[in-house]
Amino acid sequence: MKWKNDLFIRAAKGEKTERPPVWLMRQAGRILPQYRAIRSSLSGFKELVETPDLAAEVTIQPVDELDVDAAIIFSDILVIPEAMGLTYEMVEKKGPWFPKTIQTQKDVEQLISGEKAAAELEYVYRALEATKKGLDGRVPLIGFSGAPWTLLAYMIEGSGSKTFSKAKKFLYTQPKEAHMLLEKLTETIIAYLKQKAKHGADLLQIFDSWAGILSPEQYKEFSLSYIHKIVNAINEVPTTVFAKGAWFALDEMSDLNCNVIGLDWNTSPDFARNALGKDRVVQGNLDPCVLYSEPEVIKEKTIKMINDFGGNHIVNLGHGVYPDTPLDGVKAFVNTVKNYKY
Numbered sequence: 001m002k003w004k005n006d007l008f009i010r011a012a013k014g015e016k017t018e019r020p021p022v023w024l025m026r027q028a029g030r031i032l033p034q035y036r037a038i039r040s041s042l043s044g045f046k047e048l049v050e051t052p053d054l055a056a057e058v059t060i061q062p063v064d065e066l067d068v069d070a071a072i073i074f075s076d077i078l079v080i081p082e083a084m085g086l087t088y089e090m091v092e093k094k095g096p097w098f099p100k101t102i103q104t105q106k107d108v109e110q111l112i113s114g115e116k117a118a119a120e121l122e123y124v125y126r127a128l129e130a131t132k133k134g135l136d137g138r139v140p141l142i143g144f145s146g147a148p149w150t151l152l153a154y155m156i157e158g159s160g161s162k163t164f165s166k167a168k169k170f171l172y173t174q175p176k177e178a179h180m181l182l183e184k185l186t187e188t189i190i191a192y193l194k195q196k197a198k199h200g201a202d203l204l205q206i207f208d209s210w211a212g213i214l215s216p217e218q219y220k221e222f223s224l225s226y227i228h229k230i231v232n233a234i235n236e237v238p239t240t241v242f243a244k245g246a247w248f249a250l251d252e253m254s255d256l257n258c259n260v261i262g263l264d265w266n267t268s269p270d271f272a273r274n275a276l277g278k279d280r281v282v283q284g285n286l287d288p289c290v291l292y293s294e295p296e297v298i299k300e301k302t303i304k305m306i307n308d309f310g311g312n313h314i315v316n317l318g319h320g321v322y323p324d325t326p327l328d329g330v331k332a333f334v335n336t337v338k339n340y341k342y
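Be aware that the sequence shown starts at 1, since it is given in our numbering, and climbs by one per residue.
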């Protein structure tokens, strides 16, 4: 594949680039008036996710508006539990909610998994194809999945949570069932990501959004071991692993067979480089709240971050951009990177 702008893929592969590439997690969303216009005409978030042409349109919007170096397909990590047989709803201003949760071994056994479950997500693959056509080679397209532990957390808890205490209780009291579920999730994620690569994704990112609520011991057993299986199975395109809050596991993550390690804003460049080495490609990790600042502050903080990482760096935030972030702040961030020269 030849892209008009291949900076992101070259950087992900560890090649020298004239400047770092830049994109934002959740760049396709409420920061853009174009997105809000489409969203307001629909019944809900899931209708947008499940309508390929609309998902493609909002995926491309930030490339048009912000001139970022990569697009990321508009979707949701919870499409996988749903494909496995556990339906979720997206409640406005509250987030995801599962009417039924996983509680017993029988619940786990009833879930479908692997290629059979991945086949349920045809609307995602069609959205990827429509996006590739619409992008016409302008920039690479990122596909993604939630990590097994993060998906398990929602499937047990039934919604978002500050503590995910039900999910953590499940690990302590039903470890056999937890591993059964994690195995099924891992099989499904691998099949799903391979289909995403087949249908147009140029890089695949794994989001372990709730990594930081586990102890180091639990994270190693119930998350990192399964992420290893996933990245070892994906050889079609480059991969990124972003485990939010897992600063304590960066040493172990240095062994992951992935191209890029994503970093949250709680991880300093010095700490990351000491754990991962100067040659490892990293992504992140500006505090999203910096984008509420004046343009001069955004520029100063962004340049300092780039300099501190010292190359092999894909510029991004340390988490998804917040919905009420001023568009001018986002543009100041992106433009600072685009005007930077190594």
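Beta carbons are placed, not taken as given, at the ideal position from N, Cα and C, and that holds for glycine.
Classification of residue i by the beta-carbon crowding that lies within 10 angstroms, buried from 16 upward
i: residue 271; result: exposed
i: residue 145; result: buried
i: residue 312; result: buried
i: residue 37; result: exposed
i: residue 202; result: buried
i: residue 318; result: buried
i: residue 53; result: exposed
i: residue 110; result: exposed
i: residue 104; result: exposed
i: residue 328; result: exposed
i: residue 226; result: buried
i: residue 342; result: exposed
i: residue 21; result: buried
i: residue 87; result: exposed
i: residue 277; result: exposed
i: residue 42; result: exposed
i: residue 47; result: exposed
i: residue 173; result: exposed
Bridge partner(s) assigned by DSSP for residue i
i: residue 313; result: 282
i: residue 145; result: 206
i: residue 71; result: 141
i: residue 89; result: 97
i: residue 262; result: 242, 283
i: residue 225; result: Paired residue(s): none; residue 225 is not in a bridge.
i: residue 159; result: 97
i: residue 405; result: The structure shown does not extend to residue 405, since the chain is modelled only from 1 through 342, so no value can be given for it.
i: residue 22; result: 315
Cβ shell of residue i (< 8 Å), same chain only, five flanking positions each side left out
i: residue 303; result: 336, 340
i: residue 331; result: 66
i: residue 234; result: 190, 193, 194, 197, 204
i: residue 292; result: 325, 326, 329
i: residue 345; result: As displayed, the chain neither begins before 1 nor continues past 342, which places residue 345 out of reach and without an answer.
i: residue 286; result: 265, 301, 302, 305, 315, 316, 317, 318, 333
Residue i versus the options, residue with shortest Cα-Cα distance
i: residue 212; options: 284, 242, 78, 15; result: 242
i: residue 80; options: 273, 297, 185, 196; result: 185
i: residue 62; options: 78, 139, 14; result: 139
i: residue 121; options: 240, 160, 236, 196; result: 196
i: residue 116; options: 89, 104, 191, 88; result: 191
i: residue 310; options: 284, 298, 320; result: 284
i: residue 263; options: 216, 316, 49, 293; result: 316
i: residue 6; options: 112, 136, 27; result: 136
i: residue 297; options: 326, 68, 314, 333; result: 333
i: residue 114; options: 153, 183, 280; result: 183
i: residue 320; options: 101, 43, 254, 288; result: 288
i: residue 231; options: 254, 9, 40, 16; result: 254
i: residue 348; options: 216, 2, 187; result: The question about residue 348 has no answer, for the chain in this structure spans 1 to 342.
i: residue 159; options: 175, 244, 73, 93; result: 93
i: residue 282; options: 256, 301, 307, 314; result: 314
i: residue 112; options: 257, 85, 119; result: 85
i: residue 162; options: 95, 178, 99, 108; result: 95
i: residue 199; options: 142, 169, 181; result: 142
i: residue 236; options: 305, 252, 257; result: 257
i: residue 73; options: 82, 64, 106, 59; result: 59
i: residue 177; options: 102, 214, 251, 206; result: 102
Close beta carbons around residue i, own chain, < 6 Å, minus the five adjacent residues each side
i: residue 222; result: 149, 171
i: residue 91; result: 97
i: residue 56; result: 127, 130, 131, 134
i: residue 299; result: 336
i: residue 166; result: 156, 157
i: residue 75; result: 49, 124
i: residue 45; result: 90
i: residue 153; result: 164, 167, 210
i: residue 8; result: 21, 69, 70, 140
Any non-hydrogen atom of the ligand HEM within 7 Å of residue i CB
i: residue 307; result: The ligand HEM is not part of this structure, which contains no ligands at all.
Beta-carbon proximity list for residue i, same chain, < 7 Å, skipping 5 on both sides
i: residue 219; result: 211, 246, 249
i: residue 13; result: 238, 259
i: residue 100; result: 86
### Query
Residue ranges of each beta strand (DSSP E) run of no fewer than 3 residues wholly in the region 32 to 81, ordered along the chain?
none
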